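Written below as structure tokens is the structure these notes are about.
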DNA sequence: CGGTGGAAGATTTTT
DNA sequence: TCTTCCACCG
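Residue numbers (our numbering): 206 to 861.
Okay, structure coming up:
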């Protein structure tokens, strides 16, 4: 098992310090630890489950416990395994461990469930290669060449759900026909679907006692963060290893918001109810002002959950809690922007008691202290526009980066191909926009080229293609070569126009400019540029150092903390979201709102619009029930009279 | 091959 | 409304 993780993770070079949860509010020295943390850190038990509400020092407690075990010589670091759900969380834990343990921190495993499983699987002889999204689609086409594209999604879902069950029951169910064919093909090629990594590992752990013994010998202590996000397969992994290892799990069932992707927070209670599990509750919140915390608590109490205890506020600031009702989404966005300007201009006349031991940092709100959260990512552009109009910088977290937008992505694939970094699937994406090459040719290539080839043109060398298409492919090959040369001799920026005209792309000037500006940074280092693009191609990640307002979904805000939080579009149908086929989960939606509320340390402002256009139809909206669940005494409703908008919209509203 | 038009569907996101 | 996916035609 290797602990030096060669992570291909986009955030690994972005140290997450500063604005992340609990970084500032936690007790810095042992004497400041609260009694519950003390217990969680020092308790001796083979299984410990810590319920840790928002802002109670979850990661601090986890890290401190690990540090204690290692420093006290109770276990060598190499037997400790800290597992998280995201690379971001892993990096955070890793960073903090390094702060405490220095290089000794490298001896323990800190990583995601996937990484954990993968590290073990790669110790096996003849271990399978892993295939991701693009290659999965490609392989799919090869196995089922006659299936229409629409069937792909359907079957992909079936496969994923089958894999989930594969791990979850003693003997796996019979897979559907297509699922079976797909899995057979994987086995034949000795490759592993990325979604199969954890189930496959768990299956092996369950069935292969030699393997389990091997793993168990190494895993003495298992630490799991955000335990409420666990799914069946992961739970089984933890409990199987927990037969030998000491398990320390920490999380908050009230913040379980990933049910839609298989997380089941009831497993949290299942673990709690195991006979040997000791439990601890962290109850002191160091983050949020009292009123904010009280409100959040009042809201989440509408969800039934036995045994939930009240969280005790430790940040004695009064805080500010506002509700901004607006007639339209545009007006709502304007109100938010205006409120930002007012609060940044000087908060003293809002009589906010900062409450932080004597610091009089009033008015110290900067752009990076602000986040605007929405239920749907679709809500962000409207707000971004409003911010932009007033010259307020913002980062749209989670959005598709501009260079991956439809009209620009061919350029991305071209650059990856030219730098020799494109996968077969990405070459095929590129071919879709190459002149003279159509769907038929791509189909042929997709069904014959083996995924995993590093040199596409070698891979297609022997293929019988129509002369016209062969010529076009040769031309592409040449263009790529010339482009690469040109990048080295001149620089990337000046070579790009050539690529754009070859691909016949129509790109808005503003975006061309951005692309040029970005490529300019890399001079003539094409590989570095391609690398950068690849790292940032999935979605825009939150950059805590950027001096900009963060705009993101409630989901992406989990784990973060800001002095000023806006939650926009708090309306029935949006938050709680109602799906058209009625499969709604009010409690999960409430948890989502709760997560959003508890991101705020000083100011929390929720807003709604009386109308909203969804799927093309304009609808009348009611304020969310969640707003009514906030104790009225704590919530101040502020009706903004916007200068730009005509007096009342009452007349317009009659239309609905 | 590549352009067009009509129909259908449309959360949240990680590895 | 906006995107994506298909079928069809020149």
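Beta carbons are placed, not taken as given, at the ideal position from N, Cα and C, and that holds for glycine.
Since we're looking at a predicted model, the values are computed, not measured.
**Prompt:** If you run the structure through DSSP and keep just helix, strand and coil, what is residue 455?
**Reply:** Looking at residue 455 - three-state DSSP - the assignment turns out to be strand.
**Request:** Could you say which of 485, 520, 584 and 571 lies nearest to residue 533 if we only look at CA atoms?
**Result:** For the residues 485, 520, 584 and 571, the minimum Cα distance to residue 533 belongs to 584.
**Message:** I believe residue 456 touches residue 436 by the beta-carbon criterion, under 8 Å. Please report the beta-carbon distance rounded to the nearest angstrom.
**Reply:** The pair is not a contact, with the Cβ atoms about 13 Å apart (cut-off 8 Å).
**Message:** Quick check on residue 823: buried or exposed, where buried means 16 or more other Cβ atoms within 10 Å of its Cβ?
**Reply:** Result: exposed.
**Request:** Indicate the three-state DSSP secondary structure (helix, strand or coil) for residue 837 in the structure shown.
**Result:** Shown here, residue 837 sits in a helix according to DSSP, grouped into three states.
**Request:** Give the DSSP-derived three-state secondary structure of residue 881 in the structure shown.
**Result:** With the chain covering 206 to 861 only, the question about residue 881 has no answer from this structure.
**Request:** Please work out which residues of its chain come closer than 8 Å, Cβ to Cβ, to residue 504, disregarding the five sequence neighbours upstream and downstream, and give them in chain order.
**Result:** Cβ within range, chain order: 795, 798, 799, 802, 831, 834 and 835.
**Prompt:** Can the beta-carbon of residue 417 be found closer than 8 Å to that of residue 427?
**Reply:** No; because the gap between Cβ atoms is not below 8 Å, this pair is not in contact.
**Asked** Can you list, in chain order, the residues of its chain whose CB lies under 6 Å from that of residue 501, leaving out five sequence neighbours each side?
**Response** Cβ-Cβ distances below 6 Å link residue 501 to 799, 802 and 803 in the same chain, with the five nearest sequence neighbours on each side left out; the list follows chain order.
**Message:** Can you look up residue 475 in the DSSP assignment and give me helix, strand or coil?
**Reply:** Correct three-state label for residue 475: helix.
**Prompt:** Roughly how far, in whole angstroms, is the beta-carbon of residue 698 from the beta-carbon of residue 451, given that I think they are within contact range, below 8 Å?
**Reply:** Cβ atoms of residue 698 and residue 451 stay farther apart than 8 Å, at about 56 Å.
**Asked** Pairing CB atoms from the segment 483 to 502 with CB atoms from the segment 254 to 262, are three or more of them under 8 Å?
**Response** Counting C-beta pairs with one atom in each stretch, the segment 483 to 502 and the segment 254 to 262 have three or more that are closer than 8 Å, which means they touch.
**Item:** Every unbroken alpha helix (DSSP H) within the segment 337 to 391, with a cutoff of 4 residues, ordered by chain
**Value:** If only uninterrupted alpha helix (DSSP H) runs of at least 4 residues are considered, those enclosed by the segment 337 to 391 are 338 to 348 and 354 to 373.
**Message:** Judging by CA-CA distance, which residue of 816, 771 and 239 is the nearest neighbour of residue 810?
**Reply:** Comparing alpha-carbon positions, the option among 816, 771 and 239 lying closest to residue 810 turns out to be 771.
**Message:** Is the separation between the beta-carbon of residue 396 and that of residue 333 shorter than 8 Å?
**Reply:** Closer than 8 Å, so yes.
**Request:** Give every residue of the same chain whose Cβ lies closer than 8 Å to the Cβ of residue 275, excluding the five residues on either side of it in the sequence, and list them in chain order.
**Result:** Excluding positions up to five away in sequence, the list reads 281, 282, 285, 306, 309 and 313.
**Message:** Taking a contact to mean a Cβ-Cβ separation below 8 Å, would you say residue 318 touches residue 403 in this structure?
**Reply:** By the CB criterion at 8 Å, residue 318 and residue 403 fall inside the cutoff.
**Asked** Is any heavy atom of the ligand FAD found at a distance shorter than 7 Å from the C-beta of residue 442?
**Response** Questions concerning the ligand FAD fall outside what the structure shown contains, since it holds no ligand whatsoever.
**Request:** Measure the CB-CB distance between residue 841 and residue 526 and report whether it falls below 8 Å.
**Result:** Yes. Within cutoff.
**Asked** So residue 264 is in the alpha helix (DSSP H); what residue range does that whole segment cover?
**Response** Per DSSP, residue 264 belongs to the alpha helix (DSSP H) from 263 to 276.
**Asked** With a cut-off of 8 Å, do at least 3 Cβ pairs link the segment 675 to 695 to the segment 635 to 650?
**Response** Contact between the segment 675 to 695 and the segment 635 to 650 is present, because at least three Cβ pairs lie under 8 Å.
**Request:** Helix, strand or coil for residue 842, going by three-state DSSP, please let me know.
**Result:** In this structure, residue 842 counts as strand in the three-state DSSP scheme.
**Item:** Beta-ladder partner(s) of residue 281, from DSSP
**Value:** Secondary-structure assignment with DSSP links residue 281 through no beta bridge to anything.
**Message:** If you reduce the DSSP assignment to three classes, tell me which class residue 639 lands in.
**Reply:** In the structure shown, residue 639 falls within a coil segment according to DSSP collapsed to helix, strand and coil.
**Item:** Counterpart residues of residue 289 in DSSP-defined beta bridges
**Value:** The secondary-structure analysis by DSSP pairs residue 289 across a beta bridge with 317.
**Request:** Pick helix, strand or coil for residue 778, following the three-state DSSP scheme.
**Result:** DSSP places residue 778 within a strand segment (E or B) once states are collapsed to three.
**Message:** Assuming residue 600 is part of the beta strand (DSSP E), what are its boundary residues?
**Reply:** Its beta strand (DSSP E) spans residues 599 to 601.
**Prompt:** Using the rule of at least 16 other Cβ atoms within 10 Å of the residue's Cβ for burial, across every protein chain shown, is residue 706 buried or exposed?
**Reply:** Residue 706 is exposed by the Cβ-count criterion.
**Prompt:** With C-beta atoms as the reference, is residue 621 less than 8 Å away from residue 739?
**Reply:** Note that the C-beta distance between residue 621 and residue 739 is below 8 Å.
**Asked** Would residue 496 pass as a contact of residue 523 if the rule is Cβ separation under 8 Å?
**Response** Yes, the pair counts as a contact, with Cβ atoms nearer than the cut-off.
**CA-to-CA distance, residue 547 to residue 844, given in whole angstroms** = Taking the straight line joining both Cα atoms gives about 14 Å.
**Request:** Have a look at 673, 708 and 331 and flag the residue whose alpha-carbon is nearest the alpha-carbon of residue 392.
**Result:** Of the candidates 673, 708 and 331, 331 places its Cα closest to the Cα of residue 392.
**Item:** Assigned exposure category for residue 666 - 16 Cβ within 10 Å defines buried
**Value:** With fewer than 16 other Cβ atoms within 10 Å, it is exposed.
**Request:** Kindly list the residues whose CB is nearer than 8 Å to the CB of residue 506, restricted to its own chain and excluding five residues on each side of it in sequence; keep chain order.
**Result:** Excluding positions up to five away in sequence, the list reads 513.
**Request:** Quick one: using the 10 Å Cβ neighbour count with 16 as the cut-off for buried, is residue 304 buried or exposed?
**Result:** Residue 304 comes out exposed.
**Asked** So what does DSSP say about residue 819, is it helix, strand or coil?
**Response** Strand.
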